[in-house]
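In our numbering, the protein residues as written are 664 to 830.
Written out as structure tokens, the structure reads:
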């Protein structure tokens with residue numbers, strides 16, 4: 664059985680430091696100063712009754728304990744990347760176009776002097792569209808035409824519509 668060279672150190676499975684005279688078969692021994700560490704593997708001894716296996720290297724135990732941390736870190740990075748991708752600014756091609764039926768029912772919905780849709784409901788719809796990144800396309804017509812277009816799917820929204828017994 665070989666002995667560790669002078670100045671060498673070894674820690675057993677419990678982390679207890681052993682002196683230079685201690686030899687454990689199959690162990691990795693550090694030789695030299697801290698800045699100039701050379702590693703030597705001591706041989707495994709085999710006898711007629713049994714063989715002594717080398718213990719797991721300390722780095723192997725450390726890496727098995729750090730795997731959950733590595734997985735957690737990778738999961739966190741993936742979650743952050745997903746959040747950034749989902750909440751990023753919408754692409755121009757992905758902008759939803761909302762078709763809005765417009766009719767004359769001042770002050771809720773009407774056509775302003777400049778020819779643009781106006782009114783309380785138009786202001787609310789435009790604020791929501793701005794916040795959601797929608798583009799609005801106004802479709803002018805009468806109240807009855809708007810309801811027919813809504814039923815046929817030609818418009819997406821008709822402001823100031825309430826459920827009644829006849830509708």
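From the three backbone atoms N, C-alpha and C, an ideal C-beta is built for every residue, glycine too.
Buried versus exposed call for residue 778 [16 or more other C-beta atoms within 10 Å across all chains shown] = exposed
query = Is it right to say residue 772 is buried, meaning 16 or more other beta carbons lie within 10 angstroms of its own, or is it exposed?
reply = buried
query = Taking the alpha carbon of residue 768 as the point to measure from, which residue in 794, 828 and 806 has its own alpha carbon closest?
reply = 806
key: Own chain partners of residue 760 with C-beta closer than 6 Å, once the 5 adjacent residues on each side are dropped   = Annotation for residue 760: 798 and 800 place their beta carbon closer than 6 Å to its own, counting only its chain and skipping 5 residues before and after.
task = Give the single residue among 818, 823 and 790 whose Cα lies nearest to the Cα of residue 763.
result = 818
request  = Compute the beta-carbon to beta-carbon distance between residue 803 and residue 765, rounded to the nearest angstrom, for a pair I have assumed lies under 8 Å.
outcome  = The pair is a contact, with the Cβ atoms about 5 Å apart (cut-off 8 Å).
request  = Put residue 811 into one of helix, strand or coil per three-state DSSP.
outcome  = helix
message = Quick check: the Cα distance between residue 820 and residue 813, rounded to an integer number of angstroms?
response = 7 Å
task = Evaluate residue 641 with the Cβ neighbour count: other Cβ atoms within 10 Å of its Cβ, from every protein chain shown; 16 or more gives buried, anything less gives exposed.
result = Because the chain in this structure spans residues 664 to 830, residue 641 falls outside the shown range and cannot be described.
query = According to DSSP, which residues form a beta bridge with residue 764?
reply = 802
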